[in-house]
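Asks:
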Amino acid sequence: MGLRGAGVATIQEAHGRTGLLIPPASDLHRLCCTAGTVSVPPGDDRMMHATIEQ
């Protein structure tokens, strides 16, 4: 089967919850801005770009 069908969170949890963020990044650092959530169909990132541009 491999990892192709597994989501990022599934792989990270199976890996002992390590390695998702690389140093020096951590969940305590603000990387660039506030987060926004959008739901888009696979392969269609137009709504993500529209959200980022707001």
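In this note's numbering, the protein residues as written are 736 to 789. Even glycine gets a Cβ: it sits at the ideal position worked out from N, Cα and C.
Could you give the residue range of the alpha helix (DSSP H) that holds Arg781?
Replies: 781-788
Asks: Under three-state DSSP, which class holds Ala749?
Replies: helix
Asks: Given this structure, state the Cα-to-Cα distance separating Gln789 from Gly742, to the nearest angstrom.
Replies: The C-alpha of Gln789 lies about 28 Å from the C-alpha of Gly742.
Asks: Taking the C-alpha atoms as reference points, what is the distance between Arg781 and Thr772?
Replies: 14 Å
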